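Right, one structure below, let's go through it.
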Amino acid sequence: MTSTLLTRIGLLCAAVALFAANDWITTGKHQGYPNALYFVGVGLSEKGADAAKQSAMVEVKKQISVKVNASTFDEMTSFSINGAEKTTSKSASRAQLTTSGDIQGIQVVETAQQGKIYYALAVLDKNNFVSNTKARIQELKKDLATQMNGAKADIGAGKIGQGMKKLSAAKRDIADIMEQRTLLSAAAEVTAAEQIDVSVNDIAALYEKCVASIKVEKAAGDNQELTVGMVPEAPFMITVSAESVPVAGTLVELKDEAKKTVMEKYTDESGSASFSLGENVNSAVGSHKYITCVRLPVNETLRKVLAATDQTFTYKVNSNPCWAKITVKVAPELRADQIDLTDKAIKLLGKYDVQMDTASENTIEVSLSAKETGNVQGLSEARTFVKSDVTMGFALIQDGKSIVSFEKIGKGTGSTLGKSVSQGIGNVGIKSDIKLILDKICGAGADTPKRTIAVFPFKNMSAYTDWYNLAESVSDMIITKLINSRKFDVVERSQINKIMEEKTLGQSGIVEQSEALQIAQLAGAELILIGSASVVAGKIEVDARIIDSGKGTALCAMSASGFDITNLRPLADNLVGQVKGKCIK
């Protein structure tokens, strides 16, 4: 009896001692980790010890968030323009920290289990937390100063794009410092050492200075005239400067009349960017325009200011009628609208100066089909419109054989399927592919067999990387001259790029001869034109070769030279003249 009683008393004492040792479970306090020196969190979970530990660490973060002083950080989304304040602010409250934030130094110091419930005690030393947070703030302040000084230096040297990237990094540093200051206020007073030395207004002023100093001028390529099937010979060229200093490495976009970006280039060391239209040309009869737009990482307000530097280039396509017999075959479901759809198809070809001649030896067969893709609700509930995908096929028939064919798709909308297709015909883009037909039926020498040639970007052999755009420009000008000579079928650059992507060729950025041969064979090109450009003692030297893609042997070599960038066009013309004189009889 006495033995049993003593055993029970012993177990009770052990339980009391265990409970006393783990009283942190209920009190949330621990004598070894006083609240004056530590942030303390207790977590529990039925899922296991690890889940309880995670819960305890989250509770420590909550302890910090509760103590954080109310603070807000205003991120400026627009800046003062010409002295007038034009600001809208997006306030992001940093007062309540998310429990998923990364706070270093939290440790799990004790665990326990009562029944099916697991417990964990996590702590964070306040002194370590304060010292770590202060050290992080100083690191960010140092990087902020580096970014600001670098931005000012870049802007002064005309490297506007690079300068603005550093300003963006400086804005991120300011946001991070503000957050660290808010964290610090949970455990200590924020002192002058943690003050930010740069304001958002300082950054805004530099942004405004950049944009206000940008000057864009046309250098070449405006107001050209050509005939249907040709492309503008001179590239559209602009120069970008800031306070008379060339602006290098800045993105410039070329947009068409629909404001769609068709090409992108970065300015070279002379601040120049040039665009050779090539396959992007709109060769329909009439006047056309393209717009160059400088792109910088600025807010919407400054973007509108920058838009004042946009440059518009125009060219006129003169009539050069090409005659052919045109037949239009429509799908069965469209036969009720045969007359209207035939008229629209003929007018589409007429935009590119293809005129109807029922007696012509050339026949262009047009096939027309459509697929309904849905309905659009009109202004009244009783009125709906049909959406459709319009497929048009074009084939040039000579001597009963299909010489050239292609297929394009456009989207239409109308009150009926027929009217939807009628509207969609005008949206079928054939400006690139129609040149394949025009080359066969238009102008002098249309009946002369042409050889297909693939022109690859020239290599830059100069030690100066800023001459890369020059090498690329030479190859673009050669393509233009070859197309306008009407003696060659030139493989479109987009087709070459597609093959390179599919076959993972040219990964280094430069196409080697063996790769060029493989690409040319896949593209159906008989000839390859490859070359290089270099600058020696201020003199531009260009070398090129014509290679038979089937045999892999060089047919001939050409060379030309010039003393400055204004000689590029004559230099390219000289090379093409040598191609026709030496290689292709």
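Quick note, the sequence shown lines up with residues -20 to -1, 1 to 565 if you use mature numbering (1 follows the signal peptide of the UniProt record, and there is no 0).
Glycine is no exception: its CB is placed at the ideal position from the N, C-alpha and C atoms.
Predicted, not measured: the structure shown is a model, and the values here were computed from it.
Closest Cα partner of residue i within the set the options
{"i": "Asp413", "options": "Glu280, Asp320, Asn15, Val384", "result": "Val384"}
{"i": "Lys324", "options": "Ala339, Gly511, Glu341, Ile306", "result": "Ile306"}
{"i": "Met243", "options": "Ala537, Leu555, Arg549, Arg473", "result": "Arg473"}
{"i": "Gln403", "options": "Asp419, Ile377, Phe386, Val370", "result": "Val370"}
{"i": "Lys132", "options": "Ala166, Ala184, Lys114, Ile417", "result": "Ala184"}
{"i": "Ala125", "options": "Ala149, Asp105, Val103", "result": "Ala149"}
{"i": "Lys351", "options": "Lys9, Arg363, Leu257, Lys367", "result": "Lys367"}
{"i": "Lys269", "options": "Lys195, Glu280, Asp333, Leu234", "result": "Leu234"}
{"i": "Gly138", "options": "Val227, Met210, Gln84", "result": "Val227"}
{"i": "Met538", "options": "Val346, Ser512, Ala517", "result": "Ser512"}
{"i": "Ile405", "options": "Phe365, Ile459, Ser347", "result": "Ser347"}
{"i": "Leu24", "options": "Ala192, Val38, Gly557, Ala311", "result": "Val38"}
{"i": "Thr241", "options": "Ser254, Asn260, Ser224, Glu249", "result": "Asn260"}
{"i": "Asp469", "options": "Asp379, Ile417, Asn181", "result": "Ile417"}
{"i": "Gly141", "options": "Asp248, Ala166, Lys391", "result": "Asp248"}
{"i": "Ile510", "options": "Lys483, Asn440, Lys467", "result": "Asn440"}
{"i": "Asp419", "options": "Val232, Val225, Asp333, Val435", "result": "Asp333"}
{"i": "Val297", "options": "Ala100, Asn342, Asn262", "result": "Asn262"}
{"i": "Gln93", "options": "Gly136, Phe109, Ile5, Met217", "result": "Ile5"}
Neighbour-count burial assignment, residue i, 16 or more Cβ in a 10 Å radius
{"i": "Ala(-6)", "result": "Confidence at Ala(-6) is low in this model, with a pLDDT of 45, below 50, so the placement of that residue should be treated as unreliable; the coordinate-derived value is given next. Exposed."}
{"i": "Asn355", "result": "exposed"}
{"i": "Phe543", "result": "exposed"}
{"i": "Leu555", "result": "buried"}
{"i": "Leu276", "result": "buried"}
{"i": "Thr7", "result": "exposed"}
{"i": "Met336", "result": "exposed"}
{"i": "Pro14", "result": "exposed"}
{"i": "Ser252", "result": "buried"}
{"i": "Ile545", "result": "buried"}
{"i": "Ser299", "result": "exposed"}
{"i": "Val454", "result": "buried"}
{"i": "Pro550", "result": "exposed"}
{"i": "Thr272", "result": "buried"}
{"i": "Leu462", "result": "buried"}
{"i": "Pro437", "result": "buried"}
{"i": "Gln357", "result": "exposed"}
{"i": "Pro212", "result": "buried"}
{"i": "Asp30", "result": "exposed"}
{"i": "Gln127", "result": "buried"}
{"i": "Ala167", "result": "buried"}
{"i": "Thr533", "result": "exposed"}
{"i": "Asn477", "result": "exposed"}
{"i": "Tyr18", "result": "buried"}
{"i": "Ser400", "result": "buried"}
{"i": "Tyr99", "result": "buried"}
{"i": "Glu188", "result": "buried"}
{"i": "Gly63", "result": "Residue placement at Gly63 is poorly supported in this model, since its pLDDT is 38, which falls under 50; the coordinates are not used for a value here."}
{"i": "Thr281", "result": "buried"}
{"i": "Lys239", "result": "exposed"}
Bridge partner(s) assigned by DSSP for residue i
{"i": "Asn440", "result": "Ala513"}
{"i": "Ser541", "result": "Glu521"}
{"i": "Gly136", "result": "Paired residue(s): none; Gly136 is not in a bridge."}
{"i": "Glu341", "result": "None; Glu341 has no bridge partner."}
{"i": "Ala325", "result": "The partner list for Ala325 (beta bridge, DSSP) is empty, contrary to what the question assumes."}
{"i": "Met243", "result": "Leu234"}
{"i": "Tyr18", "result": "Asp105"}
{"i": "Tyr295", "result": "Gln204, His268"}
{"i": "Gly394", "result": "Val366"}
Any non-hydrogen atom of the ligand HEM within 7 Å of residue i CB
{"i": "Ala288", "result": "As presented, the structure is devoid of all ligands, the ligand HEM included, so that no description of it is given."}
CB contact flag (residue i, residue j, <8 Å)
{"i": "Ile344", "j": "Leu329", "result": "yes"}
{"i": "Ala200", "j": "Ala222", "result": "no"}
{"i": "Val40", "j": "Ile86", "result": "yes"}
{"i": "Gln175", "j": "Arg116", "result": "no"}
{"i": "Ala524", "j": "Val471", "result": "no"}
{"i": "Ile154", "j": "Val178", "result": "yes"}
{"i": "Leu314", "j": "Gly409", "result": "no"}
{"i": "Leu507", "j": "Ile433", "result": "yes"}
{"i": "Ala552", "j": "Ser529", "result": "no"}
{"i": "Ile157", "j": "Leu120", "result": "yes"}
{"i": "Ile526", "j": "Leu502", "result": "no"}
{"i": "Leu231", "j": "Leu186", "result": "no"}
{"i": "Ser267", "j": "Thr294", "result": "yes"}
{"i": "Leu104", "j": "Val89", "result": "no"}
TODO: With a floor of 4 residues, list each alpha helix (DSSP H) that falls wholly inside the stretch 87 to 121, ordered by position along the chain.
DONE: The stretch 87 to 121 contains no whole alpha helix (DSSP H) run of 4 or more residues.
Task: Secondary structure, alpha helix (DSSP H): runs of 4+ residues fully inside the stretch 157 to 233 - done: The stretch 157 to 233 contains these whole alpha helix (DSSP H) runs: 180 to 193.
Open item on the list: List, from N- to C-terminal side, the beta strand (DSSP E) runs of 3 residues or more that fit wholly inside the stretch 348 to 386.
Closed with: Runs of the beta strand (DSSP E) inside the stretch 348 to 386: 364 to 378.
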